[in-house]
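For the sequence shown, the working numbering gives the first residue as 1029, with consecutive numbering after it.
Notes follow once the structure below has been shown.
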Amino acid sequence: MRHNLTVLGATGTIGVNTLDVVSRHPDKFRVIALTGQNQIDKLAQQCRQFHPRYAVVLDDDKAGALRALLAGGETEVLAGLEALEFVSALPEVDSVMAAIVGAAGLRPALAAARAGKRVLLANKETLVMAGRFFMEAVKEHGATLLPIDSEHNAVFQSMPAGYDGNPSTHGVRRILLTASGGPFRTRELATLKDITPEEAVAHPNWVMGRKISVDSATMMNKGLEVIEARWLFNARPDQIEVVIHPQSIIHSMVEYLDGSVLAQLSNPDMRTPIAHSLAYPERVEAGVNWLDLARIGTLTFENPDLRRFPCLGLAYQALAAGGAAPAILNAANEEVVAAFLDRRIPYLSIAATLDGVLQRLSGQPADSLDDLMAADGLARVAARELIAGADVCRA
Ligand code: NDP
Ligand code: MG
């Protein structure tokens, strides 16, 4: 029987890679719904290729444009956040690929979890913002959560079968998250202030969306991933360690009490974790190049330097503070990354602004999802104020 899919964020990097894997296995997967935001032509083309029952965009104007492009076809076009939630919870859907970028991905991913779906989670911001509530929803509604983020997918594959979210009962000592170190790993510290958006989005190993590319350059991405790992594997912060591995061949590791370390290796191509989660527990061909270790030759490792990557330290701080701090960090980060990409702030102001927002907003309540959404809103306001202030820009 074919597996029915909704792909949230189909027009993005993860969405396109997902559809590439799906297109290789028409006997195994069927697309029920695709969603996008601005790239209407691309979404229309995807609808013509995959014939989903629904296509969803956020606003009515874009929906009108998409309807015109798909006139006479079998795809019904819907608009709005509720429509994203609707296609995430459809009874005929088995799996939901959650690949919207940023906090906007939370509600549709939560709708999928509450509908008991198999959630293929790329949107790490969901766990950073609301990890406790999301994991509770997964448990309460019998959903299955499979990580798409390459590091977490590697950890998942390296964990013992039947891992129940308790490291100590499985002899797990540490999770080692690998990080490429991004484009600025060896750049002269004195020149970090001159970094341009073009330099920041040019990742040495991965092709990704603009936001996550900047996050990789600052290593905020790894910080968000530490928080993501905390929730996915129920690990304490001191059980999650980051190691820089510039070749991006080992995607992460699990260390056991007996000294064994298990790792997952592959070429840096997101189709591997995507295919793993789409077919789990089976394996399907993903279209990737086979790993040629002799050609790669050398795998190297180093510790991250927090002077070079202060955002990683800020993420550990937010995780230790708990409560609303990770949601605040996540929302403020979205604002500062957008400001950096628009050339409204220099590179070094990214971490300085985030530090300022975290200090300003300590102790916000986090007893409900509404509290976290409120903290998200306050963080955006605080970040915009600091971005507008000259002090941070000079920091
Ligand atoms: P992209 O920016 O390439 O794609 C984002 C997708 O979300 C697009 O389909 C976009 O639509 C849609 N979108 C953007 N904003 C909204 C919104 N407000 N409401 C609804 N839809 C929206 O991002 P990536 O594919 O790179 O990343 C997606 C997620 O996966 C992120 O959370 C990222 O952290 C995570 N991830 C990505 C990896 C990668 O290799 N790319 C690796 C690991 C995790 P449109 O383009 O039509 O405007
Ligand atoms: Mg990752």
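Positions of the beta carbon are idealized from the N, C-alpha and C atoms, including for glycine.
| Item | Value |
| --- | --- |
| DSSP three-state assignment for Y1344, whether helix, strand or coil | helix |
| Coarse secondary structure for A1474, derived from DSSP in three states | Only positions 1029 to 1423 of the chain appear in the structure, and residue 1474 is not among them; the question remains open. |
| Residue burial classification, N1194 (beta-carbon count within 10 angstroms, cutoff 16) | exposed |
| Alpha carbon of A1359 to alpha carbon of A1322, nearest angstrom | 43 Å |
| Distance, M1187 Cα to T1328 Cα | 23 Å |
| Closest Cα partner of S1276 within the set E1413, E1179, P1332 | E1179 |
| Range covered by the alpha helix (DSSP H) that runs through Q1074 | 1068-1078 |
| Complete runs of the alpha helix (DSSP H) confined to the segment 1313-1342 [at least 4 residues] | 1321-1324 |
| beta-carbon E1153 near the ligand NDP non-hydrogen atom, thresh 7 Å | yes |
| Near the ligand MG: E1164 beta-carbon under 7 Å from a heavy atom | no |
| Cβ pair T1182, H1279 closer than 8 Å | The displayed chain sequence assigns Ala, not Thr, to residue 1182. In contact: A1182 and H1279 (Cβ atoms closer than 8 Å). |
| Closer than 7 Å: W1234 CB and nearest the ligand NDP heavy atom | yes |
| Nearest-angstrom Cα separation, counted from V1312 out to D1048 | 13 Å |
| Rounded Cβ spacing between L1414 and A1355 (contact assumed at less than 8 Å) | In fact, because the Cβ distance is near 17 Å, the residues do not count as touching under 8 Å. |
| Counterpart residues of S1123 in DSSP-defined beta bridges | L1033, R1146 |
| Residue of G1251, R1388, A1303, T1154 minimising C-alpha distance to A1141 | T1154 |
| Helix, strand or coil at Q1292 according to DSSP, with G and I counted as helix | strand |
| Close-in-space but distant-in-sequence residues of the same chain around T1169 (CB under 8 Å, 5 per side omitted) | It is worth fixing the name first, because residue 1169 is His in this sequence and not Thr. Within the same chain, H1169 has close Cβ partners A1141, R1142, A1143, G1144. |
| Buried/exposed call for D1404, threshold 16 Cβ in 10 Å | buried |
| Nearest neighbour of V1200, chosen from P1309, Q1267, V1121 [CA to CA] | Q1267 |
| Beta-carbon gap between A1126 and V1254 smaller than 8 Å | no |
| For L1106, the three-state DSSP class (helix, strand or coil) | strand |
| Sequence-distant residues of the same chain with beta carbon closer than 7 Å to G1209, five excluded per side | I1272, P1274 |
| E1269 - DSSP class collapsed to helix/strand/coil | strand |
| Burial state of N1249 (16 or more Cβ within 10 Å) | buried |
| L1174 - partner residues in DSSP beta bridges | L1148 |
| Closer than 8 Å to chain B by CB, L1217 | Absence of chain B from the displayed structure is noted, only one protein chain being present. |
| Which of helix, strand or coil DSSP assigns to R1202 | strand |
| Classification of A1072 by the beta-carbon crowding that lies within 10 angstroms, buried from 16 upward | buried |
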